[in-house]
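Below: one structure, written as structure tokens.
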Amino acid sequence: MKTRITEMFGVEHPIMQGGMHYVGFAELAAAVSNAGGVGIITGLTQRSPELLAKEIARCKEMTDKPFGVNLTFLPSVTPPDYPGYVKAIIDGGVKIVETAGNNPQKWLPALKEAGIRVIHKCTSVRHALKAEAIGCDAVSVDGFECGGHPGEDDVPNFILLPRAAEELKIPFLASGGMADGRSLVAALALGADGMNMGTRFIATKEAPVHENVKKAIVAASELDTRLVMRPLRNTERVLVNAGVERLLEKERTLGADIKFEDIFNEVAGVYPKIMTEGDMDAGAWSCGMVAGLIHDIPTCQQLIDRIMAEATNIIRGRLEVML
Ligand SMILES: Cc1cc2nc3c(=O)[nH]c(=O)nc-3n(C[C@H](O)[C@H](O)[C@H](O)COP(=O)(O)O)c2cc1C
Numbered sequence: 003m004k005t006r007i008t009e010m011f012g013v014e015h016p017i018m019q020g021g022m023h024y025v026g027f028a029e030l031a032a033a034v035s036n037a038g039g040v041g042i043i044t045g046l047t048q049r050s051p052e053l054l055a056k057e058i059a060r061c062k063e064m065t066d067k068p069f070g071v072n073l074t075f076l077p078s079v080t081p082p083d084y085p086g087y088v089k090a091i092i093d094g095g096v097k098i099v100e101t102a103g104n105n106p107q108k109w110l111p112a113l114k115e116a117g118i119r120v121i122h123k124c125t126s127v128r129h130a131l132k133a134e135a136i137g138c139d140a141v142s143v144d145g146f147e148c149g150g151h152p153g154e155d156d157v158p159n160f161i162l163l164p165r166a167a168e169e170l171k172i173p174f175l176a177s178g179g180m181a182d183g184r185s186l187v188a189a190l191a192l193g194a195d196g197m198n199m200g201t202r203f204i205a206t207k208e209a210p211v212h213e214n215v216k217k218a219i220v221a222a223s224e225l226d227t228r229l230v231m232r233p234l235r236n237t238e239r240v241l242v243n244a245g246v247e248r249l250l251e252k253e254r255t256l257g258a259d260i261k262f263e264d265i266f267n268e269v270a271g272v273y274p275k276i277m278t279e280g281d282m283d284a285g286a287w288s289c290g291m292v293a294g295l296i297h298d299i300p301t302c303q304q305l306i307d308r309i310m311a312e313a314t315n316i317i318r319g320r321l322e323v324m325l
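Here my numbering is used: the first residue of the sequence shown is 3, the next is one more, and so on.
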């Protein structure tokens, strides 16, 4: 399958793995890239630019295919060493960067000069248009169903993707709720040039996370995610667990007065407890509604091959014969 995204990134299949905190290590990025997709290392999971440089080098030992790095720009009083991370990416010879969060404009000249393709992940048409205007090469459009931060507009992908197609000139990936060949064909039909998946890639053999996390995703249905931190305008879609129930109870009790300090225990430092130790009630961790469509733990190669075979069957075997 050839789309503007496969051409732009020089990959076989129009499938990308979104950056994921404490999941997007070299093992997963390399496995996705080796299977013909775009694997992504999560920059900020590496605590310093030096560690990111090592992770990039480790990934290069595991694949000679293109892979990328996610840089998430968070509002913060003491921001991470972003110049250092950008330098590690450029010096490491990485050619794809997925940006997310705040406007990446400040970092584009350096990235562009190094020949890096930038795909910005956003949750609204207006932010996608902004990304196009400042010179991003592509965008990932994350619908309301996505795992992680869906923004505050709550527009699901059946509306958001065709709206993005109406407005954008640069190619975009459908993100949020994507799991299989049906998702890919639907995404293409709605105007996207491929799809980005988060949650689906966690439930793979190579994802370097605790088995409990993979089993929890397989066991979950589409009804098992919750939105937290909405009162703080930092909405996150997470898998429900005892920690999340505690957090939601605090949100109900404290109402509009709630502060980040009130929910610190349920959100800060949770990722290593969940992803490394498998302590599944530790607190809030991102997970998409798409968990309801995830029933197994294949290798990345099996997953991507299956998606492409299913997509081909749908187009040739189901859609074409309807005409
Ligand atoms: C566990 C987890 C951690 C994530 N961490 C990040 C992150 O650090 N930066 C980022 O830009 N997106 C992050 N995301 C969002 C994904 O990259 C992707 O946009 C999203 O998962 C797509 O929705 P899906 O889960 O329905 O496929 C995370 C998602 C999950 C499930």
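Just so it is clear, CB atoms sit at the ideal spot from N, CA and C, and this is done for glycine as well. Note that the coordinates shown come from a computational prediction; the quantities given were computed from them, not determined experimentally.
Quick one: using the 10 Å Cβ neighbour count with 16 as the cut-off for buried, is residue i buried or exposed?
i, result
"Ser185", "buried"
"Arg119", "buried"
"Pro106", "buried"
"Lys108", "exposed"
"Phe174", "buried"
"Asp8", "One detail in the question is off: residue 8 reads as Thr in this sequence, not Asp. Buried: at least 16 other Cβ atoms inside 10 Å."
"Val323", "exposed"
"Thr278", "exposed"
"Asn315", "exposed"
"Leu249", "buried"
"Asp298", "exposed"
"Thr125", "buried"
"Ala166", "buried"
"Leu325", "exposed"
Taking Cβ to Cβ, would you say residue i is nearer than 8 Å to residue j?
i, j, result
"Pro164", "Leu192", "yes"
"Thr44", "Gly21", "yes"
"Leu229", "Cys289", "no"
"Lys123", "Thr101", "yes"
"Thr206", "Leu321", "no"
"Gly145", "Gly179", "yes"
"Glu14", "Gly183", "no"
"Arg239", "Cys138", "no"
"Val88", "Leu113", "yes"
"Ala293", "Ala176", "no"
"Leu76", "Ala130", "no"
"Ile317", "Val187", "yes"
"Leu53", "Thr74", "no"
"Met291", "Glu247", "no"
"Asn36", "Thr80", "no"
"Met197", "Ala189", "yes"
"Pro51", "Gly86", "yes"
"Ile121", "Val143", "no"
Give every residue of the same chain whose Cβ lies closer than 8 Å to the Cβ of residue i, excluding the five residues on either side of it in the sequence, and list them in chain order.
i, result
"Ala55", "Ala90, Asp93, Gly94"
"Thr237", "His151, Pro152, Gly153, Glu154, Leu229, Val230, Met231"
"Glu57", "Phe27, Ala28, Ile43, Gln48"
"Ile260", "Pro233, Leu234, Lys252, Glu253"
"Gly257", "Pro233"
"Thr227", "Gly149, Arg239, Val240, Leu241, Val242, Cys289, Gly290, Met291, Ala293"
The alpha helix (DSSP H) that contains residue i, what's its start and end?
i, result
"Gly86", "84-93"
"Ser312", "Correcting the residue type first, residue 312 is Glu in the shown sequence and not Ser. First-last of the alpha helix (DSSP H) with Glu312: 302-315."
"Gly183", "183-191"
"Ile136", "127-136"
"Ile161", "159-169"
"Phe266", "266-269"
"Lys216", "213-221"
"Glu29", "28-36"
"Phe11", "6-11"
"Ile276", "No alpha helix (DSSP H) contains Ile276, which DSSP labels as neither H nor E."
"Leu110", "110-115"
"Lys62", "51-64"
Residues in its own chain within less than 6 Å of residue i by CB, not counting five upstream and five downstream?
i, result
"Arg128", "none"
"Val34", "Gln19, Gly41, Cys302"
"Gly245", "Glu268, Asp283, Ala284, Gly285"
"His212", "Gly280"
"Arg60", "Ala28"
Who are the Cβ neighbours of residue i in its own chain at under 7 Å, not counting the five residues just before and after it?
i, result
"Phe160", "none"
"Gly70", "Val40, Ile42, Val96, Ile98, Val99, Glu100"
"Tyr273", "His23, Tyr24, Trp287"
"Leu295", "Ala181, Asp182"
"Ile276", "Val215, Met282, Ala284, Trp287"
"Ile219", "Thr201, Ile204, Ala205, Cys289, Ala293, Ile296"
"Glu208", "Glu29, Leu30, Ala33, Thr301, Cys302"
"Phe11", "Val40, Pro68, Ile98, Arg119"
"Glu263", "none"
Hey, quick one: how far does the beta strand (DSSP E) through residue i stretch, first residue to last?
i, result
"Cys124", "119-124"
"Thr74", "69-75"
"Thr44", "41-44"
Tell me residue i's beta-bridge partners as DSSP assigns them.
i, result
"Gln19", "Met199"
"Arg228", "Val240"
"Thr101", "Leu73, His122"
"Phe174", "Val141"
"Ser78", "DSSP lists no partner for Ser78."
"Ser288", "Val240"
"Gly150", "Arg239"
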